[in-house]
Every structure is written in C-alpha cells, then in structure tokens.
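Student:
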Amino acid sequence: MNSNPRQLKLLDVVRVRGSVTVEELADKLGVTLQTVRRDVQRLSESGLLARFHGGVRVPSSTVENIAHQQRESLHAAGKAAIAQAVAAQVPNDCSLIINIGTTTEAIARALLGHTGLRVITNNLNVAAILSGNPQCEVIVAGGVVRTRDRGIIGEAAVDFIRQFKVDIALIGISGIEADGSLRDFDYREVKVAQTIIEHSREVWLAADHSKFNRPAMVELARLSQIDRLFTDGPPPDPFPQLLADADVQCVIAAV
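Okay, so the sequence shown: first residue is 3 according to this note's numbering, each after it adds one.
(1) In terms of residue numbering, what span does the alpha helix (DSSP H) encompassing A108 cover?
(2) Tell whether a beta-carbon distance below 8 Å holds between R216 and R17.
(3) Which of the three DSSP states, helix, strand or coil, is assigned to F162?
(4) Whole angstroms is fine: what's the gap from R19's alpha carbon to E25's?
(5) Which residue from V146, W206, Y189 and R185 puts its Cα closest to that of I170?
(6) Under 8 Å, do G174 and A208 count as touching if we go by C-beta distance?
(7) Going by other Cβ atoms of all chains shown within 10 Å of its Cβ, with 16 needed for buried, is H116 buried or exposed?
(8) Please name the residue or residues paired with D186 in a DSSP beta bridge.
(9) Bridge partners for F54 per DSSP, in chain order?
(10) So is H55 buried or exposed if we call it buried at 16+ other beta carbons inside 10 Å?
(11) Buried or exposed: D41, going by 16 or more other Cβ atoms within 10 Å of its Cβ?
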C-alpha cells in the first residue's frame with residue numbers, strides 16, 4: 003500500500019510510543035475517531051500495525067523485521083530524498099559496497115546516471131537495478147539468497163567480501179538505539195555488514211527518521227564506525243550529541 007502523510011504520521015506516533023489508543027491517535031492527529039479507525043484498518047491489513055482492543059501497537063519485535071514489500075512503501079519519499087543526497091556525494095569512478103535494504107535499493111536507482119562505478123553487493127535487487135547502467139560494473143557476492151528480500155547472507159558472502167577494499171560502503175540499518183549502537187535482526191546479515199564496514203575506507207549510513215530509537219536484536223556496529231549519516235529529518239535527542247561525539251557528518255535530505 004502507499005501510505006498518505008497522515009498515515010505515515012500515525013505510524014510515527016505508534017513507533018515512538020510503542021502502543022497507543024485510538025482516542026489518543028485521533029487527538030494527536032487532529033482527526034475524527036472514524037478516520038483513525040479507517041487508517042488503522044488499512045495499516046493493520048498491510049502488516050504495518052498490530053491491533054488490540056481499543057488501540058494499536060508496533061507489529062515488529064526485536065527479532066523480526068517488517069516484510070520487504072511493506073518496507074518499500076513505508077517512508078518512500080524520505081528514502082528517495084536520502085538516495086538523491088547520497089548520490090550527489092558519490093563521485094564517478096569509485097568503488098562501492100552496497101548492502102541489503104530498501105533504502106540502499108533507492109540509492110542504487112539514484113546512481114543510474116553515474117559513470118565508472120565498480121559496485122560489490124550482497125543484494126540481488128541492487129544488482130538488478132545497477133545492471134541497467136552500462137557505465138557500472140556490478141560484482142555480486144556468493145552465498146545463501148534470503149528469499150524474502152533477495153539478500154545474500156552467510157559465511158560464503160563474508161569470505162567473498164574479504165577480498166576487497168573499496169572507497170565507500172553504503173549501508174542501511176534497521177535501528178539506531180540511544181546507546182549509539184546500530185542494530186539489525188538477522189545475525190547472518192549482520193556478519194556480512196560488519197565485514198563490509200571493515201573492508202571500506204569510508205562508511206556512509208542511510209537511515210530514514212523511523213530508524214532512530216527502533217530496537218533490534220543484533221548489534222551491527224557503533225556510530226563511531228560511521229563517517230556520514232544520511233537521513234530525512236533532524237535526529238531526535240540524544241542523537242545530535244551522539245553524532246557529534248562520534249564525529250559523524252550528518253546530512254539531512256530535503257523531502
């Protein structure tokens with residue numbers, strides 16, 4: 003589904019609060035109970051919310067991510083803006099590693115006009131997108147293909163990436179917690195992403211605003227391991243101070 007701005011705001015309220023009543027949502031959004039109930043019905047049918055008697059909660063736990071198809075439409079405008087901001091700073095004639103995620107797939111689309119790129123990826127969606135650019139050489143990691151999102155994971159992918167040292171890693175993430183940790187759900191995916199970070203001269207993180215304060219089970223890295231963060235809105239407290247302490251350049255893309 004394509005969520006409208008009101009529904010995206012509703013999702014943000016639920017994400018921040020964890021759970022919230024329908025009455026509280028109506029008051030927060032300044033709309034009628036009937037409007038909130040219709041939105042909640044649509045969002046719950048799409049798997050973006052879980053309903054309980056009188057309210058809604060975040061559907062995803064710390065152990066399982068939202069489905070890939072649902073994530074594609076969620077905060078799509080913000081991801082597109084982030085992708086354009088990243089592409090504007092990626093030079094031609096450089097080497098990249100791009101990992102798994104809907105935001106990195108948006109970045110791949112934004113790189114279709116670049117020339118002289120050499121891209122290593124463990125994301126078959128990224129490979130399919132960038133194969134449409136004749137000025138880009140795409141190298142795909144070997145390993146196990148995760149069917150739900152076409153990500154390539156496992157020890158074979160780790161070993162493959164260890165062969166390289168690239169200019170820039172472009173990585174996505176599922177959550178950034180208030181302790182400065184970058185977190186994800188699948189430890190096999192995390193192992194590949196950690197290797198990507200180790201084998202890149204610079205690490206650029208692309209994360210829309212919904213990723214701040216979002217919990218996930220596995221620690222991937224710390225903010226201190228990131229050189230640039232691209233997001234679609236000012237990070238909430240305490241992240242501005244954490245980013246400053248970690249000497250991370252924060253780029254806020256205009257949506």
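From the three backbone atoms N, C-alpha and C, an ideal C-beta is built for every residue, glycine too.
Tutor: Short version:
(1) T104 to A112
(2) yes
(3) helix
(4) 14 Å
(5) W206
(6) yes
(7) Counting Cβ neighbours within 10 Å, H116 comes out buried, since at least 16 surround it.
(8) Within the DSSP secondary-structure output, D186 pairs in a beta bridge with V220.
(9) According to DSSP, F54 bridges with G57.
(10) Burial is judged here by how many other beta carbons sit within 10 angstroms of a residue's own beta carbon; H55 has fewer than 16 and is exposed.
(11) Burial call: buried.
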